[in-house]
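In this text, residue positions in the sequence shown follow this note's numbering: the first is 9, and each later residue adds one. Beta carbons are placed, not taken as given, at the ideal position from N, Cα and C, and that holds for glycine.
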Amino acid sequence: MIAKRLLILADTHIRDDDSTNPILHVIEKFIPRFNPDILVYLGDTQDCEALQGFNHKSPSLIQWSSIHAEISNVNKMLNRHESLCNPQEKHYWLGNHEERLNKFKAIYSPMAKLVPDLTKELKLKERRFSVHKQNDLVNFGKLYAMHGNAYGINHVKKNLLDYEVSLVYGHVHSPQMYTKVASSTRSPKSAWSIGCASGRNPEWLHGKPNAWVPGFAVAYILPNGNFNLYPINIIHGSFLGPDGRVYN
């Protein structure tokens with residue numbers, strides 16, 4: 009029985025100055041060895057930094073060149089990953105950071121022509137991606153995935169109880185897991201939040217402690233839908249892969 013290999017990257021938060029991302033660099037050493045059958049970008053791939061709390065009084069001050077530089081860097085990343093593997097399925101979530109573009113368009117409709125269409129600019133259809141919104145729930149066997157929406161110390165428990173399926177998501181940049189076993193069937197369901205595929209320390213916290221952890225996840229999915237998921241944390245630029253190799 010052959011399992012499908014699933015690779016999940018969440019929250020790369022690529023910016024206009026991201027010519028190289030050290031976290032992506034080490035993950036990209038792993039990609040060709042793992043050779044995923046299914047490749048997933050779980051949202052907030054692009055930071056859309058210029059639209060962070062965009063200035064409602066002066067929208068004309070927004071640096072659209074920064075947004076387009078981010079798009080260029082995301083395209084470069086997708087090109088690299090296409091050269092490293094040839095998955096049968098590819099999925100691209102538009103997270104809450106990408107949603108900033110739609111929010112701007114809705115509020116400033118006269119300036120809508122300035123807002124790039126990410127599906128078009130990133131050639132997602134030509135690249136054979138299935139494109140999903142932030143809270144779209146998509147299953148890979150019995151494992152479901154979405155970008156994520158909950159915060160708080162018990163967000164992973166909340167998501168499991170709300171959705172009632174085994175699921176993996178990003179959004180919070182912090183690894184966490186919760187499992188519930190149904191008393192009727194004795195079947196476990198689990199929810200995981202995974203780390204971020206970026207090394208971003210949030211500037212807006214001004215050095216305060218936080219739980220952000222660089223990382224990603226892989227899963228093996230059997231034809232009957234059963235799976236094992238392995239969250240991988242990247243510590244000081246290094247991680248131990250499920251193949252037993254050290255990547256740094």
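{"Query": "What number of angstroms, rounded off, separates the C-alpha of residue 252 from the C-alpha of residue 117?", "Result": "52 angstroms"}
{"Query": "Apart from the five residues just before and just after residue 9, which ones in its own chain have a Cβ nearer than 8 angstroms to its Cβ?", "Result": "230 and 231"}
{"Query": "Go to residue 236, then tell me how far its beta strand (DSSP E) extends in each direction, as first and last residue.", "Result": "235–241"}
{"Query": "Identify every residue that forms a DSSP beta bridge with residue 96.", "Result": "Looking at the DSSP assignment, residue 96 forms no beta bridge with any residue, so it has no partner."}
{"Query": "If you run the structure through DSSP and keep just helix, strand and coil, what is residue 50?", "Result": "coil"}
{"Query": "Which residues does DSSP list as the beta-bridge partners of residue 72?", "Result": "Answer is none; residue 72 lacks a bridge partner."}
{"Query": "Would you grab the beta carbon distance between residue 179 and residue 19 for me? Rounded to a whole angstrom, and I think it's under 8 angstroms.", "Result": "7 angstroms"}
{"Query": "Can you check whether the CB of residue 145 is closer than 7 angstroms to the CB of residue 154?", "Result": "yes"}
{"Query": "Using the C-alpha atoms, what's the distance from residue 192 back to residue 31?", "Result": "43 angstroms"}
{"Query": "Within 8 angstroms, do at least three Cβ pairs link the stretch 46–63 to the stretch 81–93?", "Result": "yes"}
{"Query": "Which of helix, strand or coil does DSSP assign to residue 127?", "Result": "helix"}
{"Query": "Please say whether residue 190 and residue 17 have beta carbons closer to each other than 7 angstroms?", "Result": "no"}
{"Query": "What is the rounded straight-line gap between the Cα of residue 201 and the Cα of residue 110?", "Result": "25 angstroms"}
{"Query": "Considering only the beta carbon of each residue, do residue 34 and residue 228 sit closer than 7 angstroms?", "Result": "no"}
{"Query": "When burial is assigned at 16 or more other CB atoms within 10 Å of the CB, is residue 243 buried or exposed?", "Result": "exposed"}
{"Query": "Could you tell me which residues DSSP puts in a beta bridge with residue 247?", "Result": "255"}
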